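A.B. asks:
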Amino acid sequence: MEASHARCACPCVALLEEEVESLQSQLLRYRRKYGNLDVLEQRQSLKETTTATAPALSKSDPIPQLTLDDDSNTLISSTVGKHVVLDYVADSPMFRKNLDGLEESTSGLRGFMKELMARTKDFVAAGKVLGIKEIALAEMYSTKYSRSLFTSCYAELGDLSTLLNDFHDTLTQIQSSRESMLLSIEALLYQPLEAFIDMELKHAADLRKDVSKSSDEYDALLGKFLSKPVSTAPLGITRSGSSSVLADDTAASFSRQPSSSTMSPPSTSSSTTTVDKALTAARCKFELARFDCVRYFNALDAKKKFVLVDAFNSTLYSYLGHFHACHELVHAIEPTLRARQRALQDARAQYAADDAMFGTQRDLLQSRLSAYPSHVGLPVEILSRATAASRVRTNTNDVAGPQTSSSLVDKQGYLLVRTGSSFSAKAYKRVWFQIHRGKLYAMQKNSMELSIVCDLIMSKVRVCGKTKELALPYTFEVLDNNQTKHVLQAASDADMHAWIDAATLSTERLLGEQPLHDKDVHPGHADAVHGLMEANPSCADCDQRPAEWVSINIGVFLCIECSGIHRSLGSHVSKVRSLALDSWDMSLLTLLAHLGNAPVNAIWEAELAPGWTRPVATSPRPDKEKWIKAKYEFRGFSTHT
1 MEASHARCAC
11 PCVALLEEEV
21 ESLQSQLLRY
31 RRKYGNLDVL
41 EQRQSLKETT
51 TATAPALSKS
61 DPIPQLTLDD
71 DSNTLISSTV
81 GKHVVLDYVA
91 DSPMFRKNLD
101 GLEESTSGLR
111 GFMKELMART
121 KDFVAAGKVL
131 GIKEIALAEM
141 YSTKYSRSLF
151 TSCYAELGDL
161 STLLNDFHDT
171 LTQIQSSRES
181 MLLSIEALLY
191 QPLEAFIDME
201 LKHAADLRKD
211 VSKSSDEYDA
221 LLGKFLSKPV
231 STAPLGITRS
241 GSSSVLADDT
251 AASFSRQPSS
261 STMSPPSTSS
271 STTTVDKALT
281 AARCKFELAR
291 FDCVRYFNAL
301 DAKKKFVLVD
311 AFNSTLYSYL
321 GHFHACHELV
331 HAIEPTLRAR
341 QRALQDARAQ
351 YAADDAMFGT
361 QRDLLQSRLS
371 AYPSHVGLPV
381 EILSRATAAS
391 RVRTNTNDVA
401 GPQTSSSLVD
411 KQGYLLVRTG
421 SSFSAKAYKR
431 VWFQIHRGKL
441 YAMQKNSMEL
451 SIVCDLIMSK
461 VRVCGKTKEL
471 ALPYTFEVLD
481 NNQTKHVLQA
491 ASDADMHAWI
501 DAATLSTERL
511 LGEQPLHDKD
521 VHPGHADAVH
531 GLMEANPSCA
541 DCDQRPAEWV
551 SINIGVFLCI
561 ECSGIHRSLG
571 SHVSKVRSLA
581 LDSWDMSLLT
591 LLAHLGNAPV
601 NAIWEAELAP
611 GWTRPVATSP
621 RPDKEKWIKA
631 KYEFRGFSTH
641 T
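Counting in the UniProt record's numbering, the sequence shown runs from 1 upward without gaps.
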């Protein structure tokens with residue numbers, strides 16, 4: 001039994017030893033050709049090294065560490081963080097689909113950024129156009145419109161030119177701030193997007209092409225490699241349990257080998273070696289292309305967010321700076337704006353009251369014009385306070401004495417002048433006349449220049465006689481020293497006499513500025529004239545001194561102002577002559593010596609009517625006119641009829 005068992009065992013041991021020797025020789029050949037095929041020792045060594053150096057690296061080196069997966073034949077990095085959109089995993093249809101989706105999203109991102117750039121460019125261009133229009137608006141005020149913008153009303157609102165200058169300065173500063181904002185938006189939004197498209201997005205297509213190209217090359221070489229026949233028999237399953245375990249361990253070693261040699265059957269031919277090296281290089285190129293693509297899309301996803309967040313945030317900061325600067329600018333002038341707004345409200349309230357007054361006065365004007373259609377003169381006047389004050393000053397100056405100011409106008413207004421010999425309505429035209437310093441002026445049509453008509457000192461101004469040729473109402477004539485007759489027609493009887501009085505008063509005022517007795521007086525009459533002036537030193541109607549004028553048919557001595565009023569009564573009421581300028585007959589001087597102010601006033605002012613007060617030298621001219629007309633024309637204070 002033992003002998004037979006020994007005989008049986010010996011062949012089995014011999015066969016097992018023979019198979020072990022064969023496997024060892026094969027492993028030796030593989031190790032010489034491909035290196036160590038067992039990665040377990042490498043994994044164990046790497047695991048021990050990683051465990052020992054992990055604490056130090058975590059403190060000093062932030063590089064992600066590789067960990068081991070006992071159930072896989074790859075090294076895995078699980079410390080790259082959670083911000084990963086694409087994992088580097090084994091090539092598969094799912095991986096390729098993820099790549100296609102990311103590439104498609106990259107195209108959409110490029111379209112979004114280009115449209116955003118276009119709209120940003122349009123916005124900046126529109127902002128620049130707005131700035132140009134704003135500057136044009138700010139520069140509206142110029143000397144071209146300075147006259148039309150001048151106004152003297154509502155001075156509390158300030159001058160319009162000053163207001164427009166402030167408006168110009170404010171808009172200019174706002175535009176300067178907006179221009180800075182637009183430059184910032186262009187630099188912080190447009191340019192980063194442009195650089196991102198040029199520097200980052202253009203690589204997506206190239207990397208995707210590299211993956212496809214290297215995949216095709218690798219697939220071609222792999223197919224070529226696998227199409228070669230196997231030169232040696234593959235390791236089979238042994239009949240013994242130990243040999244089966246060895247074969248399984250060896251096969252596991254082949255399957256865990258990361259190199260492409262795990263898929264290559266053993267071969268000793270030189271052509272197979274060349275193909276195997278090319279296959280290894282192709283797989284290396286393919287995997288690196290996949291890795292670069294994964295890395296690129298992960299980086300692109302992060303950079304996309306970085307660029308957009310930074311661009312939009314910086315743009316909003318530009319808006320913040322612009323509006324803060326505008327707020328500070330307007331806030332500085334806010335007190336002035338509020339004060340001007342309050343003044344504007346008060347001015348509008350005052351304007352409403354003035355406008356209501358104008359409406360009331362218009363109704364009054366209409367009613368009076370309708371009630372007195374024959375009275376052409378204005379029954380009402382609406383004057384500003386400045387104009388009314390100017391009239392008061394003029395009246396006061398008239399009472400105080402003769403004026404020497406060249407700016408004083410005695411009378412001005414429209415008069416009708418006949419052109420030609422026709423008496424039709426078309427033969428008359430309205431001409432603007434003016435009496436100033438003893439001269440009569442006329443203003444030509446469509447012209448603002450006055451031309452002299454005649455010198456009133458050398459002329460006679462009188463009411464036209466009632467002849468057949470001049471049977472027109474309210475006409476008076478001016479006969480100059482050349483015997484040229486100027487027939488003028490007023491709008492009313494009062495207006496006609498006002499013109500005649502103004503002509504007389506203007507010449508008298510001008511002559512009153514000259515020294516007394518500037519003309520030669522007959523030697524026999526000089527004493528009589530001086531005696532009359534000493535006996536009657538003041539005016540018979542207002543007591544103003546001196547009294548150098550005489551109403552020869554009444555016998556009273558007058559001042560220059562009252563003499564003009566006497567002239568307006570007409571020569572049938574009072575004939576006025578000058579003691580200093582006119583020549584006198586001795587018999588008339590003797591008659592005046594028997595009359596004089598005191599005896600004559602005893603008759604003309606015998607009984608004053610109730611409510612009447614005798615004017616004084618400082619009384620306004622209208623008061624004197626009323627008194628003189630009531631006294632001489634209507635004989636209101638005389639007992640004699």
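Glycine is no exception: its CB is placed at the ideal position from the N, C-alpha and C atoms.
Note that the structure is predicted; figures quoted are calculated from it, not measured.
Check whether the Cβ atoms of ASN597 and PHE637 sit closer than 8 Å, and answer yes or no.
C.D. replies: For ASN597 and PHE637, no; Cβs fall outside 8 Å.
A.B. asks: At 3 residues or longer, what runs of the beta strand (DSSP E) sit wholly inside the UniProt domain "Arf-GAP" (527-641)?
C.D. replies: Those beta strand (DSSP E) runs which fall completely within the UniProt domain "Arf-GAP" (527-641) and span 3+ residues are 549-551, 556-558, 576-578.
A.B. asks: Going by C-alpha to C-alpha distance, which of PHE196, LYS228, SER451, ARG290 sits closest to THR274?
C.D. replies: Cα-wise, what sits closest to THR274 is LYS228.
A.B. asks: Rounded to the nearest angstrom, what separates ARG295 and ALA90 at their Cα positions?
C.D. replies: Spanning the two alpha carbons is a distance of roughly 15 Å.
A.B. asks: ILE457 by DSSP, collapsed to three states: which one?
C.D. replies: If DSSP states are grouped into helix, strand and coil, ILE457 belongs with the helices.
A.B. asks: Please go through the same chain and pick out, in chain order, the residues whose beta-carbon is closer than 7 Å to the beta-carbon of LYS128, but skip the five residues on each side of it.
C.D. replies: Contacts found: LEU182.
A.B. asks: Leaving out five residues before and five after SER574 in sequence, what residues of the same chain have Cβ atoms less than 7 Å from its Cβ?
C.D. replies: So the qualifying residues of the chain are SER551, ASN553, ILE554, HIS566, TYR632.
A.B. asks: So, with DSSP's three-state summary, where would you put LYS128?
C.D. replies: Of the three classes helix, strand and coil, the one that applies to LYS128 here is helix, per DSSP.
A.B. asks: Between the alpha carbons of VAL309 and ALA352, how many angstroms are there, rounded?
C.D. replies: Straight-line Cα distance between these residues: approximately 57 Å.
A.B. asks: Considering only their Cβ atoms, is the gap separating ALA490 from LYS411 smaller than 8 Å?
C.D. replies: Their beta carbons are not under 8 Å apart, which means LYS411 does not touch ALA490 by this criterion.
A.B. asks: Under the rule that 16 or more other beta-carbon atoms within 10 Å means buried, what is VAL330, buried or exposed?
C.D. replies: Flag for VAL330 reads exposed.
A.B. asks: To the nearest angstrom, report how far apart SER563 and VAL576 are at their CA atoms.
C.D. replies: About 7 Å.
A.B. asks: Under the DSSP definition of a beta bridge, which residues are partnered with LYS485?
C.D. replies: For LYS485, which the question treats as bridged, DSSP gives the partners LEU479.
A.B. asks: Counting C-beta neighbours from all protein chains within 10 Å, is the total for MET113 16 or more, i.e. buried, or is it exposed?
C.D. replies: MET113 comes out buried.
A.B. asks: Taking just the CA atoms, how far does ASP166 sit from HIS324?
C.D. replies: Whole-angstrom Cα-Cα distance: 20 Å.
A.B. asks: Note down, in chain order, each residue of its chain lying with its Cβ closer than 6 Å to the Cβ of ILE452, except the 5 sequence neighbours on either side.
C.D. replies: For ILE452, where only same-chain residues beyond five positions count, the Cβ hits under 6 Å are LYS439, TYR441.
A.B. asks: LEU440 by DSSP, collapsed to three states: which one?
C.D. replies: LEU440: strand per DSSP, three-state reduction.
A.B. asks: Whose C-beta lies closer than 7 Å to the C-beta of SER25 among residues of the same chain, with five residues either side of it excluded?
C.D. replies: Within the same chain, SER25 has no close Cβ partners at all.
A.B. asks: If you follow the alpha helix (DSSP H) that ARG224 is part of, which residue opens it and which one closes it?
C.D. replies: Residue identity differs from the one stated: residue 224 is Lys in this sequence, not Arg. Per DSSP, LYS224 belongs to the alpha helix (DSSP H) from 202-226.
A.B. asks: Beta-carbon within less than 7 Å of THR639's beta-carbon, same chain only, minus the 5 sequence neighbours each way: which residues are those?
C.D. replies: Contacts found: ALA606, GLU607.
A.B. asks: Is the separation between the beta-carbon of LEU510 and that of ARG437 shorter than 8 Å?
C.D. replies: Contact flag set, yes.
A.B. asks: Would you mind working out which of CYS454, ARG418, THR419 sits nearest GLN434, comparing C-alpha positions?
C.D. replies: When each option's Cα is compared against that of GLN434, the closest is CYS454.
A.B. asks: Could you give the residue range of the alpha helix (DSSP H) that holds TYR351?
C.D. replies: Element bounds for TYR351: 334-371.
A.B. asks: For ILE452, which beta-bridge partners are listed by DSSP?
C.D. replies: Beta-bridge pairing links ILE452 to TYR441.
A.B. asks: What's the C-alpha gap between CYS8 and LEU15?
C.D. replies: Per-residue confidence for CYS8 stands at a pLDDT of 46, beneath the threshold of 50, marking its modelled position as unreliable; no derived number is given.
A.B. asks: In three-state terms, what does DSSP make of LYS82?
C.D. replies: Here LYS82 sits in coil by DSSP.
A.B. asks: When DSSP builds the beta bridges, which residues end up paired with LEU416?
C.D. replies: DSSP, once it has assigned bridges, lists ARG430, GLN489 as partnering LEU416.
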